[in-house]
Every structure is written in C-alpha cells, then in structure tokens.
Amino acid sequence: MIIFEKASKSFGRTLALNNVNLALPEGKIIGLFGPNGAGKSTLLKAAAGLVRLNSGQVTVDGKIPQQRRSKLAYLPEQNTLPPNWTIKRAAEFYRAFFDDWDNERYEKQLEFLNLKDGMRFTRASRGQWAKARLVLTLARQARYILLDEPFSGIDILAREEISKALVRDYSEGQQTIVIATHEIDEIENLVEHIVFMDNGRITVLGDADELRHQEGKSIVSIMKEAFRHGSK
Amino acid sequence: MDFDAARPIYLQIIELHKRALMTGKLKSGDQILSQRNFAEQYKVNPNTVQRAYREMEALGLVETLRGQGTFVTVTKKQLRTMKDETANHALHSFICEMKTLGFTLAEVLTQVQETWEKEASKR
Numbered sequence: 006m007i008i009f010e011k012a013s014k015s016f017g018r019t020l021a022l023n024n025v026n027l028a029l030p031e032g033k034i035i036g037l038f039g040p041n042g043a044g045k046s047t048l049l050k051a052a053a054g055l056v057r058l059n060s061g062q063v064t065v066d067g068k069i070p071q072q073r074r075s076k077l078a079y080l081p082e083q084n085t086l087p088p089n090w091t092i093k094r095a096a097e098f099y100r101a102f103f104d105d106w107d108n109e110r111y112e113k114q115l116e117f118l119n120l121k122d123g124m125r126f127t128r129a130s131r132g133q134w135a136k137a138r139l140v141l142t143l144a145r146q147a148r149y150i151l152l153d154e155p156f157s158g159i160d161i162l163a164r165e166e167i168s169k170a171l172v173r174d175y176s177e178g179q180q181t182i183v184i185a186t187h188e189i190d191e192i193e194n195l196v197e198h199i200v201f202m203d204n205g206r207i208t209v210l211g212d213a214d215e216l217r218h219q220e221g222k223s224i225v226s227i228m229k230e231a232f233r234h235g236s237k
Numbered sequence: 260m261d262f263d264a265a266r267p268i269y270l271q272i273i274e275l276h277k278r279a280l281m282t283g284k285l286k287s288g289d290q291i292l293s294q295r296n297f298a299e300q301y302k303v304n305p306n307t308v309q310r311a312y313r314e315m316e317a318l319g320l321v322e323t324l325r326g327q328g329t330f331v332t333v334t335k336k337q338l339r340t341m342k343d344e345t346a347n348h349a350l351h352s353f354i355c356e357m358k359t360l361g362f363t364l365a366e367v368l369t370q371v372q373e374t375w376e377k378e379a380s381k382r
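This is the structure in structure tokens:
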C-alpha cells in the first residue's frame, strides 16, 4: 500500500502538498482528479520517489519509494525518451533496465493498440506517441502503476483505445493503478476509487459507486461542487 | 450504451441484464459476456463488473461455471416477478402523472384503450 503521512511539499511559495494523509487502496484503479495545479503530479512524483518532501513521509509497502523502485512504474506527463528513438529501441532500453519487463505483454499491447515497433517517435502522431509510452509503462509487471495525465492532448479515439488497453492489462487485485488527470469524463467508469485534490489537499475520497449512490450525482458534479466549496 | 453518470454503475449493469431478460433478448441457458469482456467492451472497471455479476449470481439470475463462463439461469417465476415489479413501477408513475393533470379513472381508461388500439394498428 502507498501511504502518505502528513506529507507537505512546497515549490517557493506554492504549497503543492499541504499536510496530506492518504492511503491508496490496494488492487484498485484509482482516479486522482483535480484542477490544474492542484498537486496531483507532485503527489504521484512523491509516490514514485522523485520529489523530496519538506515534511511528513510517503511509504510504499512500508519502505521509502526509493527502496521500492522495482514495484513502481511511473509515466511522467512529459516525454523523457529521446525523440529519434524507435519504440523498439525504447523497449530494449526498458528491458535492460527493469527486471520485471514482460515481453509477451509488451507485444500483445503493441498489437492491440495498432503500433509498429519500428516507428520513430519523431514520425509518430501525438496519439501514437501517448499509446507507445503507455505500452512501455504497462509492459512492466509492476505492482503500482502511476500514470500522470495519460490522455493529455490526444484525440477521442486514441483515448478510448488507451482506456480499453488499461482494462485489458489490469489484473484484478494484483495491481494498483493511479491515473492522475483533469479530464474525468473519459475514465469516469474505469476508476473504482476517487481521490480529488484541490490546492494541495485531498477534498473528496471514496468508492466511486458509493459516492454516486450517496450524492445521487455524477463524479464530475461532485468534483465541481467540492471545487466551488474549496475556492470560497 | 452509455451509463447514467449519476447512478452506481454496478446497479446499471444489473438493470441492463434484467431488461434483456424481460424483453427476451436473453433466455435461460444463454451465455453472457465474461466479466473481462464486458469490462473491456463497456470500458468499466473490472471490479465493478465483478460486483454486478456477483449480485446477479446471488439473485439467481445467472450462474458462473468455472472455466466455462456465465450462463442465464432465470426461472419463469423470477421473470414474472421482475416483469410485475417493472409494470408496477411504470403504472405508478403514469397514474400519478394523470392524477396530477386532473383526469378521472374513466377518462384515463378510455384514453388507454384508444391509444392502445392506435399503437396496435400501426404494426
């Protein structure tokens, strides 16, 4: 389990994480929602062990994230792969780097998402690029998968394909997938657990169907309401 | 199909199946989608699908046979009860609406008769 305890992080005067206490439930697809600048990316980076907290702590299965690298697959919002690489080259790099690389999974997802691994990133459309980066992340058998804005800037068809690829890949109960996005619509039915952030704090938390049942509203409406309350 | 975003998805998955049973699209013995295929096709969380299937199993509407799939096991009696419940629900809201509009029972009955016949002649 990934647990945040009194976690705070500031960038200059901006408090990206404001005393966050949060336990991400195991084995679920979790939607980390919130407006731009809410602290979603910082939360994910902290879980991946890529930012130093100012105070508090984050643990992954009881240890600091840096000691759990092999269990964490993190997809940053910005591409970090050299653009002149082919998908194949990137896959070889990943395979050499990560012990949990699953080549069968990689090839299946490539086929499912209609990608050719000889394609260079410079030749790829935004959608193809996003799909390729996702395939590379999901090809690891990591216990925790952290995806930062996997849908940003891509068309609706590619989004749908990515959603389906996520369902396809997800092995129930064994993987925890956290998807940070401000575009809720696409994955509203895909996420089982909701974490909503605003101004560095967690403002809504819970099981998606329970929230719909309790409020009689869509997740989007619940978020909007929480956001309005929060900004008053 | 699109789910209503404001209501629990697992309930809507059950309703979807109940509807197919009541309209005869699904019959006893028919195989339904595997949980995984359902999740993929409708882009719904696999655990949500699992919850719906489990509940349908508890209701005795379907049965899952290991390694073979999920099959419809609904009885005639269950089907009758489901239809009665649905009809009651529809009648109730219809009657409330007609009452609100100030119609008498006799007027409503005449209207029902006429509209029913009109619909029947269309087909």
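Taken in sequence, the protein lines are chains A and B. Take the first sequence: its position 69, counting from 1, is numbered 74 in our numbering, and each next residue is one higher. Take the second sequence: its position 74, counting from 1, is numbered 333 in our numbering, and each next residue is one higher. All C-beta atoms in this analysis are idealised placements derived from N, C-alpha and C, irrespective of residue type, glycine included. Just so you know, these numbers come straight off a predicted model, no measurement behind them.
Residue i, DSSP secondary structure in three states
{"i": "S60/A", "result": "strand"}
{"i": "M6/A", "result": "coil"}
{"i": "K237/A", "result": "Caution applies to K237/A, whose pLDDT of 47 falls short of 50 and renders its modelled position unreliable; the value that the coordinates give is listed next. Of the three classes helix, strand and coil, the one that applies to K237/A here is coil, per DSSP."}
{"i": "S13/A", "result": "strand"}
{"i": "T248/B", "result": "Coverage of chain B is limited to positions 260 through 382, which leaves residue 248/B absent and any answer about it impossible."}
{"i": "N306/B", "result": "helix"}
{"i": "L171/A", "result": "helix"}
{"i": "R18/A", "result": "coil"}
{"i": "E240/A", "result": "For residue 240/A there is no data in the structure shown, the boundaries of chain A being 6 and 237."}
{"i": "L324/B", "result": "strand"}
{"i": "K277/B", "result": "helix"}
{"i": "T181/A", "result": "strand"}
{"i": "T91/A", "result": "strand"}
{"i": "D263/B", "result": "coil"}
{"i": "R339/B", "result": "helix"}
{"i": "L152/A", "result": "strand"}
{"i": "Q300/B", "result": "helix"}
{"i": "I159/A", "result": "coil"}
{"i": "Q290/B", "result": "strand"}
Whether residue i touches residue j by CB criterion (8 Å)
{"i": "P70/A", "j": "A96/A", "result": "no"}
{"i": "Q114/A", "j": "L143/A", "result": "yes"}
{"i": "E10/A", "j": "Q83/A", "result": "no"}
{"i": "A78/A", "j": "F117/A", "result": "no"}
{"i": "I184/A", "j": "I224/A", "result": "no"}
{"i": "F132/A", "j": "D174/A", "result": "According to the sequence shown, residue 132/A is Gly rather than Phe. Not in contact: G132/A and D174/A (Cβ atoms no closer than 8 Å)."}
{"i": "Q179/A", "j": "I150/A", "result": "no"}
{"i": "L320/B", "j": "V333/B", "result": "yes"}
{"i": "V200/A", "j": "I35/A", "result": "yes"}
{"i": "A147/A", "j": "K76/A", "result": "yes"}
{"i": "K136/A", "j": "I167/A", "result": "yes"}
{"i": "A311/B", "j": "I273/B", "result": "yes"}
Spatial distance of residue i from residue j (CA atoms)
{"i": "P87/A", "j": "S157/A", "result": "19 Å"}
{"i": "M315/B", "j": "D289/B", "result": "14 Å"}
{"i": "D107/A", "j": "Q327/B", "result": "28 Å"}
{"i": "P305/B", "j": "L120/A", "result": "25 Å"}
{"i": "E193/A", "j": "R266/B", "result": "12 Å"}
{"i": "V140/A", "j": "T345/B", "result": "45 Å"}
{"i": "K381/B", "j": "L368/B", "result": "20 Å"}
{"i": "S60/A", "j": "L48/A", "result": "13 Å"}
{"i": "S293/B", "j": "L350/B", "result": "35 Å"}
{"i": "K237/A", "j": "F262/B", "result": "Because the pLDDT of K237/A is 47, which lies under 50, any placement of that residue in the model is unreliable, and the question is left without a value."}
{"i": "I8/A", "j": "H348/B", "result": "46 Å"}
{"i": "L152/A", "j": "D122/A", "result": "22 Å"}
{"i": "K51/A", "j": "S15/A", "result": "Before going on, a small fix: residue 51/A reads as Ala here, not Lys. Whole-angstrom Cα-Cα distance: 12 Å."}
{"i": "A365/B", "j": "Q271/B", "result": "37 Å"}
{"i": "R233/A", "j": "F38/A", "result": "15 Å"}
{"i": "L285/B", "j": "A317/B", "result": "18 Å"}
{"i": "E165/A", "j": "E378/B", "result": "40 Å"}
{"i": "T329/B", "j": "I291/B", "result": "6 Å"}
{"i": "T208/A", "j": "T374/B", "result": "52 Å"}
{"i": "R295/B", "j": "I268/B", "result": "16 Å"}
{"i": "E299/B", "j": "R125/A", "result": "29 Å"}
{"i": "A231/A", "j": "G32/A", "result": "26 Å"}
{"i": "I227/A", "j": "N89/A", "result": "43 Å"}
{"i": "L338/B", "j": "K222/A", "result": "31 Å"}
{"i": "V331/B", "j": "M6/A", "result": "38 Å"}
Residue of the options minimising C-alpha distance to residue i
{"i": "M341/B", "options": "A298/B, W375/B, K277/B and R310/B", "result": "K277/B"}
{"i": "V65/A", "options": "P30/A, K45/A, G36/A and E154/A", "result": "P30/A"}
{"i": "W134/A", "options": "T85/A, E112/A, A147/A and I189/A", "result": "T85/A"}
{"i": "V303/B", "options": "E220/A, L195/A, H218/A and T208/A", "result": "L195/A"}
{"i": "A21/A", "options": "S168/A, N41/A and K136/A", "result": "N41/A"}
{"i": "N24/A", "options": "K93/A, D203/A and D212/A", "result": "D203/A"}
{"i": "R74/A", "options": "E191/A, D104/A, L216/A and S130/A", "result": "D104/A"}
{"i": "S46/A", "options": "P155/A, V172/A and A163/A", "result": "P155/A"}
{"i": "K336/B", "options": "E376/B, F353/B, I268/B and L280/B", "result": "L280/B"}
{"i": "D212/A", "options": "E197/A, K222/A, I167/A and Q219/A", "result": "E197/A"}
{"i": "T91/A", "options": "K68/A, R100/A, R128/A and V56/A", "result": "R128/A"}
{"i": "L210/A", "options": "G17/A, A12/A, T19/A and N26/A", "result": "N26/A"}
{"i": "T186/A", "options": "A28/A, T19/A, R18/A and G44/A", "result": "G44/A"}
Kindly provide the ranges of any alpha helix (DSSP H) runs that are 4 or more residues long and lie completely inside the region 104-136 of chain A, ordered along the chain. Under the rule that a run must span 4 or more residues, the alpha helix (DSSP H) segments found entirely inside the region 104-136 of chain A read 108-117.
Which residue spans inside the region 190-235 of chain A form an unbroken beta strand (DSSP E) run of at least 3? Within the region 190-235 of chain A, the beta strand (DSSP E) runs of at least 3 residues that lie entirely inside it are, in chain order, 198-203 and 206-212.
Going along the chain, which unbroken runs of the beta strand (DSSP E) with 3 or more residues stay wholly within the region 21-87 of chain A? Segments of the beta strand (DSSP E) lying fully in the region 21-87 of chain A: 34-38, 60-65 and 77-80.
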